[in-house]
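Colleague: The opening residue of the sequence shown carries number 461 in my numbering; numbering runs sequentially from there.
The beta carbon of each residue, even a glycine, is placed where N, CA and C say it ideally should be.
The structure that follows is given in the form of structure tokens.
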Amino acid sequence: MSLAAPSATAIDGSAFRVGLVAARYNESLVDALLERTMKGLLGAGVKETALILVRVPGSHEVPWAANELARRGRPDVVIALGVLIGGDTSHHEMVGASVSAALQQVAVETRVPVINGVIVTNTRPQAVARCRGKINRGGEFATAALEMAALRRRLSR
């Protein structure tokens, strides 16, 4: 991921319903990512009662839950969160690619924007930097979600 995030657009989130799907694998890192994401959403005015949170075992289960949430939960946008860290094999890359493709498919098929917040890194320090360090990916995911929810509303008129 690039460090050159787009400039944030101020969006009033008070009218939006946001679905969040978060993996429990690498739980402390995902929890930090979730906390930063929710802080960004709540700070933009999204009501706590308009947040729908679903937890799943790991990142590979995130797309299925995102799909069900998009179809049944009536959100304006879904944010998918997980953390995949490299090890002795390339398993994290395979899962990351699979999850990314599946989340894009969910968005296209359900017509609900899905923010891919599944972090894929080669090392734990890289993951820590993105989840609870200087790189605030959670805040970036919240901002992207609000922008896409607003766009969805505007285009569906």
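1. Return the residue from the list A602, R571, V578 and I471 that minimises the CA-CA distance to R534.
2. With respect to the beta strand (DSSP E) encompassing A482, which residues constitute its N-terminal and C-terminal limits?
3. Are the Cβ atoms of L544 and H552 separated by less than 8 Å?
4. DSSP puts I539 in a beta bridge; with which residues?
5. Using 10 angstroms around the beta-carbon of S519, count the other beta-carbons present and answer buried if the total reaches 16, otherwise exposed.
6. The beta strand (DSSP E) spanning R617 covers which residue range?
7. I'd like to know if the stretch 526-533 and the stretch 559-566 are in contact, where contact means that at least 3 CB-CB pairs between them fall below 8 Å.
8. How is the beta strand (DSSP E) around R515 delimited, first residue to last?
9. Just checking, does the stretch 487-503 make contact with the stretch 595-603 on the three C-beta pairs under 8 Å criterion?
10. Name, in chain order, the residues that DSSP records as bridge partners for T581.
11. Specify the secondary structure class of K507 as computed by DSSP and reduced to three states.
12. Check A587 in the structure and name its three-state DSSP category.
Modeller: On the basis of the supplied data:
1. R571
2. Looking at the DSSP string, the run of the beta strand (DSSP E) that includes A482 is V478 to A483.
3. yes
4. L480 and I575
5. buried
6. That residue, R617, is in no beta strand (DSSP E); it is neither H nor E in DSSP.
7. yes
8. R515 -> beta strand (DSSP E) spans L511 to V516.
9. yes
10. I545
11. coil
12. Correct three-state label for A587: helix.
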